[in-house]
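S.K.: Before I ask anything, let me first share the structure, which is written out below as structure tokens.
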Ligand code: NDP
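Residue numbers (UniProt numbering): 1 to 480.
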């Protein structure tokens, strides 16, 4: 199945007619082609967005809201089709795409369709000076949205929905590794009555198509989710042009388990927070620290549960772990397992590629648990982004806090304890944008979402996203 760019409300081949292969990770086969778009395609997308902006930015909030909610409804009524497409493109179990990815993409549109009707700006009365200040929050113009492959439609729409809700027009690029659901979204937008040019989707490689968006002098803001190295590169390109930047980057999140936690809930959730989506979620807890008094019990119970996870074809209901997203990514993750061994890590389970009958060329890997002797090893410091977690005991709150914070990243942290004072101390001291206590991945879309340190700059979610996608202009009126 060939994919086309979605520009000005219709579908187009890339101008230079060059294409990339699109792989199905479950069997390693090429199943379609996607545009390898050039600067000229990005320019066409920009021109369409620019032309649409005057009218879209003046469209009433009720009308914008109505269209966004209609897109949400259409995604819901096409749930199976989108879940199948997401699974085929990414390798994730269809059950996961159906339960999480596509419903969340629909929620993103519904949420921001509602949020824009509640968004307000501030006013400040300058008492004693006979003046009043009010703040306008005006759409920026044409903005760029660039997203990764792990939660393809979920993260793509998490940017697009607030951008268009706030009155901007968008040039967007999904990951070339997982372009399919973004392509299908174009049809849904047309059916929902989104005016042409408000959203333009250009497919292609990061280094060329993505780069052309970031470099474009008139695309005034970039919302990016992806790796830290790419984020640093984008910041270097965009900073001298004074673009607004929102960067959601990598993570190496600690999962800290104290003996006083609700053990069974912790154990089940930790299996999920380690291996959901083949461990390819930026919020997965990839470094597990367990209080020494329950370390041996946890190790035995956790490894037993992980061994019971079923690696299989993404279409089967029985599958817990599908395929990794691509061959290079599988190779990268396997390289890290070797690095762990070289650094005296002990593989407690997993560690090997899995061959599935009938799908021998798929990118399957056993969920892997590695006991590490020290926190200073590479597998505890570098992002692996696959079905691999490390395990270490700790004795004091101070020690575990030091290890938790001793990475360059600071996206999320999970804490398991029923001690209130400890909860308060630790949640204040953990260097992360999100801390979950006695839960994981529980999301309320109104809350600020993002990381500190090398995990990013800025916050998405709720009104934070609407603030990012608007410029604040203060107006001061003296009345005497
Ligand atoms: P990448 O950084 O490789 O790519 C992300 C996106 O950026 C892709 O669309 C990519 O294009 C594009 N891109 C690459 N180079 C450039 C460039 N020079 N200019 C503009 N765009 C470019 O990340 P991955 O896709 O590999 O995603 C995995 C990473 O994303 C992990 O580090 C993970 O932690 C992080 N992530 C962070 C999240 C967060 O909320 N903080 C959430 C989810 C993931 P293409 O791939 O098509 O070449």
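All C-beta atoms, glycine included, are put in the ideal place defined by N, C-alpha and C. Keep in mind that this is a model prediction, so the values were computed, not measured.
Please classify residue 477 as buried or exposed, where buried requires at least 16 other C-beta atoms within 10 Å of its C-beta.
M.R.: So residue 477 ends up on the exposed side.
S.K.: Does the separation of the CB atoms of residue 244 and residue 468 fall below 8 Å?
M.R.: Yes, the pair counts as a contact, with Cβ atoms nearer than the cut-off.
S.K.: Would you report the Cα separation of residue 52 and residue 167, rounded to the nearest angstrom?
M.R.: Rounded to whole angstroms, residue 52 to residue 167 spans 10 Å at the Cα level.
S.K.: With H, G and I counted as helix, E and B as strand and the rest as coil, what does DSSP make of residue 176?
M.R.: If DSSP states are grouped into helix, strand and coil, residue 176 belongs with coil.
S.K.: Taking a contact to mean a Cβ-Cβ separation below 8 Å, would you say residue 379 touches residue 343 in this structure?
M.R.: Taking 8 Å as the Cβ cut-off, residue 379 and residue 343 qualify as a contacting pair.
S.K.: Just to check, is the beta-carbon of residue 243 closer than 7 Å to a non-hydrogen atom of the ligand NDP?
M.R.: No, the ligand NDP has no heavy atom inside 7 Å of this Cβ.
S.K.: Just reading off the alpha helix (DSSP H) that residue 115 is part of, what are its end residues?
M.R.: Residue 115 -> alpha helix (DSSP H) spans 102 to 118.
S.K.: Leaving out the 5 sequence neighbours to the left and right, which residues in its chain are closer than 6 Å to residue 154 when beta-carbon positions are compared?
M.R.: Taken in chain order, the residues that qualify are 101, 104, 105.
S.K.: How about the segment 259 to 266 and the segment 391 to 408: do they share at least three Cβ pairs that are nearer than 8 Å?
M.R.: Cβ pair count under 8 Å is below three, so no.
S.K.: Quick check: is any heavy atom of the ligand NDP less than 7 Å from the C-beta of residue 240?
M.R.: Answer for residue 240: no, Cβ out of range of the ligand NDP.
S.K.: Out of 198, 19, 239, point me to the one whose CA is closest to residue 165's CA.
M.R.: Out of 198, 19, 239, 198 has the C-alpha closest to the C-alpha of residue 165.
S.K.: Taking only the alpha-carbon atoms, compute the straight-line gap between residue 452 and residue 232 and give it to the nearest angstrom.
M.R.: Rounded to whole angstroms, residue 452 to residue 232 spans 14 Å at the Cα level.
S.K.: Short of 8 Å in beta carbon distance, which residues of its chain neighbour residue 436, apart from the five on each side in sequence? Order them along the chain.
M.R.: Result list for residue 436: 412, 413, 414, 415, 442, in chain order.
S.K.: For residue 355, count neighbouring C-beta atoms within 10 Å of its own C-beta (all shown protein chains included) and say buried if the count is 16 or more, exposed if not.
M.R.: That one is exposed.
S.K.: Flag this pair as touching only if the segment 241 to 256 and the segment 282 to 297 have three or more C-beta atom pairs under 8 Å; answer yes or no.
M.R.: Taking 8 Å as the limit for Cβ pairs, the verdict is that the segment 282 to 297 does touch the segment 241 to 256.
S.K.: Which parts of the segment 344 to 419 are runs of the beta strand (DSSP E), unbroken and 3 residues or longer, counting only runs that do not cross its ends?
M.R.: Runs of the beta strand (DSSP E) inside the segment 344 to 419: 346 to 349, 368 to 371, 388 to 394, 412 to 416.
S.K.: Could you name the residues of the same chain whose beta carbon sits closer than 8 Å to that of residue 466, not counting the 5 residues immediately before and after it, in chain order?
M.R.: Within the same chain, residue 466 has close Cβ partners 112, 115, 116, 119, 137, 162, 165, 166.
S.K.: Touch check for the segment 347 to 367 and the segment 16 to 31: three-plus C-beta pairs under 8 Å?
M.R.: The answer is yes - the segment 16 to 31 touches the segment 347 to 367, with three or more Cβ pairs under 8 Å.
S.K.: When DSSP labels each residue in this structure, what does residue 310 get in the three-state scheme?
M.R.: Coil, per DSSP.
S.K.: Buried or exposed: residue 345, going by 16 or more other Cβ atoms within 10 Å of its Cβ?
M.R.: Answer is buried; the Cβ neighbour count reaches 16.
S.K.: Is it the case that the Cβ atoms of residue 177 and residue 42 are separated by a distance below 8 Å?
M.R.: No, the Cβ-Cβ distance between residue 177 and residue 42 is not below 8 Å.
S.K.: Use the C-beta contact count for residue 63: other C-beta atoms within 10 angstroms, 16 or more gives buried, fewer gives exposed.
M.R.: Classification of residue 63: exposed, given that the 10 Å Cβ count is below 16.
S.K.: Taking 7 Å as the cut-off, is the CB of residue 195 close to at least one heavy atom of the ligand SAM?
M.R.: As presented, the structure is devoid of the ligand SAM, carrying the ligand NDP as its sole ligands.
S.K.: Within the segment 232 to 289, note down every full alpha helix (DSSP H) run reaching 4 residues or more, in order along the chain.
M.R.: Correct list: 263 to 275.
S.K.: Tell me, please, which residues DSSP counts as bridged to residue 125.
M.R.: 132.
S.K.: May I ask you to verify whether the segment 228 to 242 touches the segment 32 to 49, counting CB pairs closer than 8 Å and requiring at least 3?
M.R.: Judged by Cβ distances under 8 Å, the segment 228 to 242 makes no contact with the segment 32 to 49, as fewer than three pairs qualify.
S.K.: What residue from 5, 148, 268, 180 has the CA that sits closest to residue 83's CA?
M.R.: Taking only the C-alpha atoms, the option nearest residue 83 is 180.
S.K.: Find the nearest neighbour of residue 221 within the set 4, 276, 144, judged by alpha-carbon distance.
M.R.: Nearest option by C-alpha distance: 144.
S.K.: Give a single yes or no on whether residue 234 has its beta carbon closer than 7 Å to a heavy atom of the ligand NDP.
M.R.: Yes, the Cβ of residue 234 comes within 7 Å of a heavy atom of the ligand NDP.
S.K.: I'd like the list of long-range same chain contacts for residue 374, defined as Cβ closer than 6 Å, with 5 residues on each side in sequence excluded.
M.R.: Hits under 6 Å: none found.
S.K.: Just how far apart, CA to CA, sit residue 395 and residue 450?
M.R.: Each residue's Cα considered, the two are about 30 Å apart.
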